[in-house]
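Quick mapping for you: the protein sequence lines, in order, are chains X and W. If you use this note's numbering, the first sequence corresponds to residues 1 to 209, in order. If you use this note's numbering, the second sequence corresponds to residues 210 to 418, in order. Accompanying notes for the structure given below.
2 protein chains.
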Amino acid sequence: MKISQLSAASGVSQPTIKLYLREGLLPPGAKTHANQATYSEAHVRRLGIIRTLTQVGGLSVASAKTVLDAIDSDLPLNWTFGLAQRAASPDVDGTDLSDTDLARADDFLAGLTYHDGPGRFGVAKTLRAMAEAGLEADGAWRDSYRKAAEIIGEADIDLIDRREGRLAKAETVVIGTVLGDALLAALRRAAQEHFSSQRYPSRSTETAP
Amino acid sequence: MKISQLSAASGVSQPTIKLYLREGLLPPGAKTHANQATYSEAHVRRLGIIRTLTQVGGLSVASAKTVLDAIDSDLPLNWTFGLAQRAASPDVDGTDLSDTDLARADDFLAGLTYHDGPGRFGVAKTLRAMAEAGLEADGAWRDSYRKAAEIIGEADIDLIDRREGRLAKAETVVIGTVLGDALLAALRRAAQEHFSSQRYPSRSTETAP
DNA sequence: TCATAACGGATACTATAACTATCTATAGTA
DNA sequence: TACTATAGATAGTTATAGTATCCGTTATGA
């Protein structure tokens with residue numbers, strides 16, 4: 001398969017494919033000459049994953065590269081997990097978080113063991129932003145969110161457990177981490193619409209401009 | 210309060226404040242002369258919300274403007290809801306979704322009434338991406354996600370119900386929609402870490418590079 | 001009061017990211 | 001042989017977010 005066919009098969013333009021080759025997201029084709037190479041079905045599939053990560057998951061090209069590298073590597077699975085979480089969570093380091101911020105997060109996470117990482121830091125950062133924005137979340141709301149997160153987190157781990165082989169597990173980790181966020185956000189919107197229209201039936205058919 | 214004090218009080222640089230004024234995100238100060246104006250505490254608060262939406266929520270300046278306009282307007286609350294959902298959900302229109310895509314989404318959403326909008330379309334889009342990426346989600350995982358979304362969606366509506374007055378409700382809708390996504394994603398990571406380390410205790414202290 | 005600093009507002013500039021276009025020498029092809 | 005396609009390098013484009021500079025005017029304090 002030549003690059004024109006790869007472009008046609010994947011729906012990605014030739015210059016963009018060349019970009020991904022340059023940046024190392026896509027492995028080079030098999031060289032037949034100094035300026036000829038052939039590509040395989042694996043390249044088509046890889047391009048699909050790249051577009052999924054960048055278009056649906058909203059990852060930058062650089063972030064997509066790090067998680068793709070993690071899939072290909074033979075790093076322990078929990079490292080891949082951490083890399084995927086970090087790639088999908090913009091700029092989450094512990095700096096600029098005060099003890100108060102972390103205490104608020106740990107309080108919210110009551111019942112969950114926590115470690116330094118995207119989860120704890122992200123919760124701390126978001127709760128601080130909510131407090132600053134004047135959105136005081138009451139206990140009932142917080143309990144619902146924690147309960148929902150527990151259900152999902154366990155389901156995610158179960159799903160990975162059910163995969164066989166490191167590559168399948170790693171792909172599930174990466175795709176699941178990135179697309180799970182998007183799916184959850186969309187489901188949340190659908191559920192909001194459901195309960196909103198259930199509670200205010202008269203308005204249920206109105207839509208925003 | 211002059212612009213230098215507004216900058217100091219909000220932590221936003223003067224040129225950036227001028228940018229937000231130009232773009233209409235921040236209302237102009239009270240003019241005292243042709244080239245003098247004074248700003249209030251409301252401007253400080255507004256800047257906080259703008260930074261929250263753009264920095265934590267990841268909204269573009271243009272998207273932030275639309276939801277801020279929605280807070281200020283006297284549109285029905287469910288319109289504000291829709292606008293906030295749309296602003297926080299990049300490019301979710303129904304085009305490019307096939308009947309198959311929508312059927313898959315509706316199947317997933319079983320039990321929830323659904324309408325055309327960011328929720329249904331986003332679910333359809335994400336599930337299609339998962340299928341293309343070869344991540345087949347089994348029934349147990351799907352049930353967990355739907356259950357979690359129901360818990361959260363109802364909690365969100367309850368929280369809004371408990372607010373008094375249109376402005377408070379509208380602010381809760383906007384901040385809650387945008388920051389709720391971020392909080393949920395972070396909680397999910399924390400829960401994944403929790404169950405992962407519970408299940409594989411030997412690896413629990415390792416961290417990704 | 002008058003020199004200097006700060007102001008509002010307009011304009012121009014910079015940085016980054018993600019593509020896109022063009023160029024060159026070479027290889028396949030009709 | 002003529003002509004298109006190719007790999008790879010280089011340069012250009014677009015959009016977004018923020019920064020810097022300039023201008024004439026206003027405030028301020030020694």
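Where a beta carbon is used, it is the ideal one built from N, C-alpha and C, also for glycine. Here the structure is a predicted model, which is why all the values come from computation and not from measurement.
Close beta carbons around residue i, own chain, < 8 Å, minus the five adjacent residues each side
i	result
X/W79	A70
W/S411	In this predicted model, W/S411 has a pLDDT of only 49, less than 50, meaning its place in the structure is not dependable; the value taken from the coordinates is given anyway. Cβ within range, chain order: n/a, list empty.
W/P224	none
X/F81	V173, T177
W/V213	Residue 213 of chain W is actually Ser in this sequence, not Val. Cβ within range, chain order: Q223.
X/R215	Outside the shown range of chain X (1 to 209) lies residue 215 of chain X, about which nothing can therefore be said.
X/T32	T38
W/I369	L286, K378, T381, V382, G385
W/L388	T261, V265, G266
W/L396	none
X/R104	A124, L127, R128, A131
Sequence-distant residues of its chain with Cβ nearer than 7 Å to residue i (five each side left out)
i	result
W/T416	Interpretation of W/T416 is limited by its pLDDT of 47, a score under 50 that renders its predicted location unreliable; the figure taken from the coordinates is listed afterwards. No residues qualify anywhere along the chain.
W/A239	A246, T247
W/D325	G303
W/L215	I226, Y248, H252, V253
W/P237	L230, A246
W/R372	K378, T381
X/Q96	Correcting the residue type first, residue 96 of chain X is Asp in the shown sequence and not Gln. Nothing listed; no residue qualifies.
Rounded distance between the beta-carbons of residue j and residue i, thought under 8 Å
i	j	result
X/R189	W/G328	4 Å
W/L268	W/L262	5 Å
W/L234	W/A273	6 Å
X/A87	X/V67	5 Å
C-beta contact flag for residue i and residue j at 8 Å
i	j	result
X/T172	X/Q85	no
X/E183	W/V253	In the sequence on display, residue 183 of chain X carries Leu and not Glu. Cβ atoms of X/L183 and W/V253: not closer than 8 Å.
W/A357	X/I152	yes
W/D390	X/A140	no
X/K169	X/L83	no
X/F108	X/R142	yes
X/D101	X/Y114	no
X/R211	X/V92	Beyond the ends of chain X as shown, which are 1 and 209, falls residue 211 of chain X; an answer cannot be given.
W/S219	X/A155	no
X/S98	W/A394	no
According to DSSP, residues forming a beta bridge with residue i
i	result
X/T38	X/A30
Same chain, Cβ closer than 6 Å to residue i, five either side skipped, listed in chain order
i	result
X/L75	none
X/R199	none
X/A110	none
X/K2	none
W/I258	none
W/L321	none
Under 8 Å: do the stretch 226-238 of chain W and the stretch 184-201 of chain X share three or more Cβ pairs, one atom per stretch? Contact fails: fewer than three Cβ-Cβ distances are below 8 Å.
Tell me, please, whether the stretch 127-144 of chain X touches the stretch 319-337 of chain W by the rule of three or more beta-carbon pairs shorter than 8 Å. no
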